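A.B. asks:
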Amino acid sequence: MTKVAEFAIEYTQFLDPSGRPTGRLPDFARDAAALIPLYRAMVLTRRFDAKAIALQRTGRLGTFASSLGQEAVVVGLASAMRTDDVLLPSYRETGAQLYRGVGLDELLLYWGGDERGSDFAGPKHDFPVSVPVASQCLHAVGVGYAMKLQREARVAVCVCGDGATSNGAFYEAINCAGAWRVPAVFVVNNNQWAISVPRTVQTAAETLAQKAIAAGIPGLQVDGNDVIAVRHGVAQALLRARAGDGPSVVEALTYRMSDHTTADDASRYRSAEAVSERWATDPIPRLRTYLVEAGAWTKADEERLVEEINGDIDAAVERYLKTQPQPPEAMFDYLYAELPRALAEQRAAAAASRGDDHA
Ligand SMILES: Cc1ncc(C[n+]2csc(CCOP(=O)(O)OP(=O)(O)O)c2C)c(N)n1
Ligand SMILES: [Mg+2]
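Be aware that the sequence shown starts at 74, since it is given in our numbering, and climbs by one per residue.
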């Protein structure tokens, strides 16, 4: 017997759960002050998350997907990207969208069921939230392929969950991306759950990163609760893609601290104890401890930040709540350049039946 191939998956962590460096930090993190924007973005994401849930609970927002505890994944990946790269998120990447300049009120509009929230004033080429699991991985191949054809030094960055890596679309996407050497990065936000299905029963694979190997592309694992590790891993993958060396899979290990969405009750399928012990790996105090110990962050800074963020969120909520809803027929207006006849008839019926409040 001859060994014809051998593979390994590497795992990277720079800050341990107590905020202590495990070794030499990467260049971008050498100056602690440079990490402050990442800290601010994680705190903003968490505060926005809490506000969105409160709005949903009081009937002023639709179903919302929380990213509680997963802030380092989304902020880390977004901070590694260039402005003109393209983000293709699932529904749990609020923090990445915010980091890239999507407005707080745009996100509220989207989650409030208003498609105008996906017409970003900021990152015009970024894709809207994609709810069909793993569909955005295929879109990313198309976007990356277009960038390659146009000889642009841009990269398509898509994010999917652990459960999504069991979907055929994920395998098809990484296979095509590998075969065509597409400039794409597939970030797997492994929060250990696909609604009620734990990671352990989703697949027999030891890691999700190793799925990349079948596609002939690099796969790596990072501590998804260490924002430095996420940014570093995604930055490596972006560098490869930009240099014409093709796609990668980056698996970020984290934990979903919340229910799947506001429509779920996770206490029906997992114990409170199992969840509460995960707070020990919370990404936000981890970075805060590091910053405080490096002399880059104080209690006064924290108080100022919270005040500033609360003000921004409250102002966005006010704008959102004041936004006039669209008339019911608007639901037909965002997919087709020209409506097929059957839908045109339905649109007319919706317009005819609408209440006076939309007149
Ligand atoms: C194609 C498709 N199948 C099923 C669903 C229903 N669904 C919504 S979320 C979800 C679980 C996804 O889990 P994961 O990929 O781990 O992402 P997470 O929600 O944990 O971020 C499923 C099955 C869907 N949205 N799309
Ligand atoms: Mg998941």
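From the three backbone atoms N, C-alpha and C, an ideal C-beta is built for every residue, glycine too. On a predicted model such as this, the values are computed, not experimentally measured, just so you know.
Which residues neighbour ligand 2 when neighbourhood means a C-beta less than 7 angstroms away from any of its non-hydrogen atoms? List them by chain order.
C.D. replies: Listed along the chain, these residues meet the criterion: G234, D235, G236, N262, N263, N264, Q265, W266, A267, R329.
A.B. asks: Look at the alpha carbon of A316 and the alpha carbon of K284, and state the distance between them as a whole number of angstroms.
C.D. replies: Position 243 of the sequence shown, counted from the start, is the residue given in the question as residue 316. Position 211 of the sequence shown, counted from the start, is the residue given in the question as residue 284. One C-alpha to the other measures close to 23 angstroms.
A.B. asks: Rounded to the nearest angstrom, what separates I247 and Y363 at their Cα positions?
C.D. replies: Here the question's residue 247 lines up with position 174 in the sequence shown. Here the question's residue 363 lines up with position 290 in the sequence shown. Their Cα atoms are separated by approximately 36 angstroms.
A.B. asks: Among the residues of its own chain, which have a CB less than 6 angstroms from the CB of K124, if the five just before and after it don't count?
C.D. replies: One-based indexing of the sequence shown puts residue 124 at position 51. Correct list, in chain order: I386.
A.B. asks: Where do the ends of the alpha helix (DSSP H) carrying L364 lie?
C.D. replies: For the purposes of this step, residue 364 is taken as the residue at position 291 of the sequence shown. Looking at the DSSP string, the run of the alpha helix (DSSP H) that includes L364 is 356 to 366.
A.B. asks: In whole angstroms, what separates the C-alpha of A432 from that of E402?
C.D. replies: Within the sequence shown, the letter at position 359 stands for residue 432. Within the sequence shown, the letter at position 329 stands for residue 402. For A432, the predicted model reports a pLDDT of 45, less than 50, meaning its position is unreliable and no value from the coordinates is stated.
A.B. asks: So, helix, strand or coil for D178, using DSSP?
C.D. replies: Position 105 of the sequence shown, counted from the first residue, corresponds to residue 178. D178: helix per DSSP, three-state reduction.
A.B. asks: CB P162 to CB Q129, shorter than 8 angstroms?
C.D. replies: Position 89 of the sequence shown holds residue 162. Position 56 of the sequence shown holds residue 129. Going by C-beta atoms, P162 is not nearer than 8 angstroms to Q129.
A.B. asks: Which term fits A74, buried or exposed, when burial requires 16 or more other beta carbons within 10 angstroms of its beta carbon?
C.D. replies: Residue numbering aside, residue 74 sits at position 1 when the sequence shown is read from its first letter. The displayed chain sequence assigns Met, not Ala, to residue 74. Exposed, because fewer than 16 other Cβ atoms sit within 10 Å of the Cβ of M74.
A.B. asks: Please state the DSSP three-state secondary structure of A410.
C.D. replies: Counting from 1 along the sequence shown, the entry for residue 410 is found at position 337. Looking at A410 - three-state DSSP - the assignment turns out to be coil, as it is neither helix nor strand.
A.B. asks: Say yes only if the C-beta of V36 is nearer than 7 angstroms to one or more non-hydrogen atoms of ligand 1, and no if none qualify.
C.D. replies: As displayed, the chain neither begins before 74 nor continues past 432, which places residue 36 out of reach and without an answer.
A.B. asks: If you draw a straight line from the alpha carbon of A417 to that of S426, how long is it in whole angstroms?
C.D. replies: Locating residue 417 in the sequence shown gives position 344, where the first residue counts as 1. Locating residue 426 in the sequence shown gives position 353, where the first residue counts as 1. Between A417 and S426, the C-alpha separation is close to 14 angstroms.
A.B. asks: Please state whether the Cβ-Cβ distance between L433 and V230 is less than 8 angstroms.
C.D. replies: Any answer about residue 433 is impossible in this case: the structure gives the chain only from 74 up to 432.
A.B. asks: Could you give the DSSP three-state label for A432: helix, strand or coil?
C.D. replies: Here the question's residue 432 lines up with position 359 in the sequence shown. Because A432 carries a pLDDT of 45, less than 50, the predicted location of this residue cannot be relied on, and the following value inherits that uncertainty. Coil, per DSSP.
A.B. asks: Express the C-alpha separation of S140 and R119 in angstroms, rounding to a whole number.
C.D. replies: Within the sequence shown, residue 119 is the residue found at index 46, counting from 1. Within the sequence shown, residue 140 is the residue found at index 67, counting from 1. Roughly 8 angstroms between the two C-alpha positions.
A.B. asks: Give me the residue from R272, R359, I268, A415 with the minimum Cα distance to A138.
C.D. replies: The residue labelled residue 138 in the question sits at position 65 within the sequence shown. Cα-wise, what sits closest to A138 is I268.
A.B. asks: Is it buried or exposed, F80, if we count other Cβ atoms within 10 angstroms and call 16 or more buried?
C.D. replies: Within the sequence shown, residue 80 is the residue found at index 7, counting from 1. F80 comes out exposed.
A.B. asks: According to DSSP, is A288 helix, strand or coil?
C.D. replies: As a position in the sequence shown, residue 288 is number 215, starting the count at 1. Residue state, collapsed to three classes: coil.
A.B. asks: Terminal residues of the continuous alpha helix (DSSP H) containing G53?
C.D. replies: With the chain represented from 74 up to 432, any question about residue 53 goes unanswered, as that position is not in the structure.
A.B. asks: If you compare alpha carbons, which of Y84, V261, K221 is closest to S239?
C.D. replies: In the sequence shown, the residue the question calls residue 239 occupies position 166. Checked all of Y84, V261, K221; the closest Cα to S239 is V261.
A.B. asks: Quick one: does the C-beta of S163 sit closer than 7 angstroms to a heavy atom of ligand 1?
C.D. replies: The residue given as residue 163 occupies position 90 in the sequence shown. It does: the Cβ of S163 is within 7 angstroms (strictly closer) of some heavy atom of ligand 1.
A.B. asks: Are there three or more Cβ pairs, one per stretch, closer than 8 angstroms when the region 218 to 225 is compared with the region 164 to 172?
C.D. replies: no
A.B. asks: Once DSSP output is grouped into helix, strand and coil, what is the label at D387?
C.D. replies: Position 314 of the sequence shown, counted from the first residue, corresponds to residue 387. Helix at D387.
A.B. asks: Can you grab the Cα-Cα spacing for the pair D235 / F243, in whole Å?
C.D. replies: Position 162 of the sequence shown, counted from the start, is the residue given in the question as residue 235. Position 170 of the sequence shown, counted from the start, is the residue given in the question as residue 243. Looking at the two C-alpha atoms, the distance is approximately 10 angstroms.
A.B. asks: For the beta strand (DSSP E) that S321 lies in, which residues bound it at each end?
C.D. replies: Indexing the sequence shown from 1 puts residue 321 at position 248. Element bounds for S321: 321 to 326.
A.B. asks: Measuring alpha carbon to alpha carbon, tell me which residue in V300, V258, R189 is nearest G292.
C.D. replies: Within the sequence shown, numbered from 1, the residue matching residue 292 stands at position 219. Here the closest residue by C-alpha is V258.
A.B. asks: Please go through the region 241 to 279 and give each complete alpha helix (DSSP H) segment of 4 or more residues, from N-terminal end onward.
C.D. replies: 241 to 252, 272 to 275
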